[in-house]
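First comes the structure, then the notes that go with it.
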Amino acid sequence: MKNFKHSKKKLVYVFFLAALVVGVFTSCDKAVAAKENPELMKVYGESEAEMTAPPMVPRPVGKRAATKLIVNMEVVEKEMEMSDGVSYVYWTFDGTVPGSFIRTRVGDEVEFHLKNHPDSKLPHNIDLHAVTGPGGGAESSFVAPGHEAVFTFKTMNPGLYVYHCATAPVGMHIANGMYGLILVEPEGGLEPVDKEYYVMQGDFYTEGENGERGLQAFSMQKAVDEDADYVVFNGKVGGLTGDNALTAKVGETVRLFVGNGGPNLVSSFHVIGEIFDKVYVEGGSLINENIQTTLIPAGGAAIVEFKVEVPGNLVLVDHSIFRAFNKGALGILKVEGEENKKVYGGKIEEKVYNPGVSAAEVTEEETEDAPVANTSLAEKMERGKQIYTQNCLACHQATGNGIPNAFPPLAGSDYLNADVHRAIEVVKFGLTGEIEVNGNVYNSAMPKQNISDEDVANVLTYVYNNWGNNKTEVTAEMVKKAK
Ligand SMILES: [Cu+2]
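First residue of the sequence shown? That's 1156 in our numbering, and the numbers climb one at a time after it.
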């Protein structure tokens, strides 16, 4: 054992010497030397960096040579929306959360101008994980309101890096939204793709509980306890849904630059309905393939790439899944284009599953032609309760109160009580898209309920005659008529 170790050491030593010799020889060849040591890379010309607000990213560096790159960034403290009816005083880089995306290439000489808006209440600074130097630039960039700090650095390592404010209390500055991404492309640039987007997760801590309306103050206690009220993409609930959804066309290749600002939580980043063809693990040079979920540490990043093959809504989530459905970590990538039945056939049939009895197929006709019995209100209520327990309770809850931000209430629901025909359609055909129930917006999906017209009538009668609702009696005829 000892001998083996010894000889291994010797071997390493020989290799080291060999490498040294090769290094000395090749250093005569400038091109090769430059490729291997970014420090020695010559910069050509000077330009101002293009800066973009999320979810957009600046143009790729392509084949451009290393240059002197001027980066202008402004710290702005401002009130913005966290969620419907909830606002928060964010501290930002360039007025957005995350801050502007910075795109550089290896060997660039960056001249960084950090300005702090005169209306700011506090000093700030920036620690860029792409910087080799004390505090990632934090000390050199410390800047009071109404001042500008300038510092320079050379981009030494290609990769995707987080930047953040590092002014005490550091956790609070990050928790208020002071983070973003800086990309250092390798020589020659990343391979071209059709779409590139910038997504960054962050966790927020408010005095009020999730959904509590009004201007919410930062809660230091909850932040210390790591008890997040909001976990979101791009700074707020709905930062990547509705009008903010990402888009792509069938056949396109998509690259997501994904960061995690934290301050506390690690992200299990996943896209529902996709597999990452490539993941640049932790934003570095290691490429992993065929990945379902990639871990993004707080203060870390990853680049994920995939080709979209079929149309539909892909859902970006933190697969610590209550964060997605209850705290906001959910985004949409809307893919449009032709169906591809080879890749995804969709539902092709539905049958009754009844072990022990010979299988019968359910067709639309059969349910429609089923005889309609005249049942008393009491019978309907009893049957309705059974149906409710089996089919609805999981989402709308035993109390009919639903779950905030996920499943709307049926108890005292203005939506339900306003229009019985609409309610019948919801249960018979399912519902997707934005609706408002008792002043709260839901934008989710209720699956079509595979129950007979009679049972739709029973369950809705049960719901209408409970929990303070308007006591409508729904008949099977009414359900049958709904188209
Ligand atoms: Cu700060």
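The beta carbon of each residue, even a glycine, is placed where N, CA and C say it ideally should be. Keep in mind that this is a model prediction, so the values were computed, not measured.
Residue pairing of residue 1319 in beta bridges, as defined by DSSP: 1282 and 1334.
Residue 1322 has its Cβ nearer than 8 Å to a heavy atom of ligand 1. Between the stretch 1444-1461 and the stretch 1421-1435 there are three or more C-beta pairs closer than 8 Å, enough to call the two in contact. Where residue 1611 is concerned, there is no enclosing beta strand (DSSP E), although the alpha helix (DSSP H) around it starts and stops at 1608-1619. Remark: C-beta atoms of residue 1394 and residue 1209 approach each other more closely than 9 Å. When the alpha-carbon of residue 1435 is set against those of 1283, 1231, 1223 and 1341, the nearest one is in 1341.
Only residues of its own chain outside the window of five on either side were considered, and among them 1612 have a CB closer than 6 Å to the CB of residue 1630, listed in chain order. Within the same chain, and ignoring the five residues on either side of residue 1220 in sequence, the residues whose Cβ sits closer than 7 Å to its Cβ are 1199.
Rounded to whole angstroms, the gap between the alpha carbons of residue 1271 and residue 1300 is 5 Å. Exposure of residue 1211 is indicated by the presence of fewer than 16 other C-beta atoms within 10 angstroms of its C-beta. The Cβ atoms of residue 1414 and residue 1325 lie no closer than 9 Å to each other. Within the same chain, and ignoring the five residues on either side of residue 1309 in sequence, the residues whose Cβ sits closer than 6 Å to its Cβ are 1264.
Nearest to residue 1402 by alpha-carbon distance, out of 1416, 1491 and 1323, is 1491. Excluding five sequence positions before and after residue 1580, the CB atoms of its chain that fall closer than 7 Å to its own CB belong to 1637, given in chain order. Excluding five sequence positions before and after residue 1442, the CB atoms of its chain that fall closer than 8 Å to its own CB belong to 1433, 1434, 1435 and 1436, given in chain order.
With a cutoff of 9 Å on beta-carbon distance, residue 1592 and residue 1543 are scored as not near each other. For residue 1498, the secondary structure class from DSSP, reduced to helix, strand or coil, is coil. By the Cβ criterion, the stretch 1359-1368 is not in contact with the stretch 1282-1302, since fewer than three pairs of Cβ atoms, one from each stretch, lie closer than 8 Å. Close CB contacts of residue 1603 within its chain, under the 7 Å cut and outside five residues either way in sequence, are with 1584 and 1585 (chain order). With a threshold of 8 Å, the Cβ atom of residue 1272 does not count as near ligand 1, since no heavy atom of the ligand is closer than that. When 1253, 1608 and 1266 are compared, the shortest CA-CA separation from residue 1201 is found for 1266.
Taken through DSSP and simplified to helix, strand or coil, residue 1544 comes out as helix. Exclusion of residue 1196 from the 8 Å shell around ligand 1 follows from its C-beta lying no nearer than that to any non-hydrogen atom of the ligand. Distance between residue 1223 and residue 1245, taken at the CA atoms: about 31 Å. Residue 1312 has its alpha-carbon roughly 51 Å from the corresponding atom of residue 1551.
Non-local beta-carbon contacts of residue 1557 in its own chain, meaning distances under 6 Å to residues more than five positions away in sequence, involve 1551, 1563 and 1564 in chain order. Looking at the backbone, the Cα of residue 1372 and that of residue 1328 are separated by about 13 Å.
Cβ-Cβ distances below 6 Å link residue 1411 to 1352, 1354 and 1459 in the same chain, with the five nearest sequence neighbours on each side left out; the list follows chain order. By the neighbour-count definition (other C-beta atoms within 10 Å, threshold 16), residue 1531 is an exposed residue.
Distance from the CA of residue 1407 to the CA of residue 1350, rounded to the nearest whole angstrom, comes to 7 Å. Counting along the chain, residue 1264 sits inside the beta strand (DSSP E) bounded by residues 1264-1271.
Around the beta-carbon of residue 1578, 16 or more other beta-carbon atoms lie within 10 Å, marking it buried. Around residue 1430, the same chain offers 1445, 1446, 1447 and 1461 as residues with beta carbons nearer than 8 Å, after the five sequence neighbours per side are excluded. Restricting attention to 1247, 1409, 1598 and 1290, the CA atom closest to the CA of residue 1277 is found in 1247.
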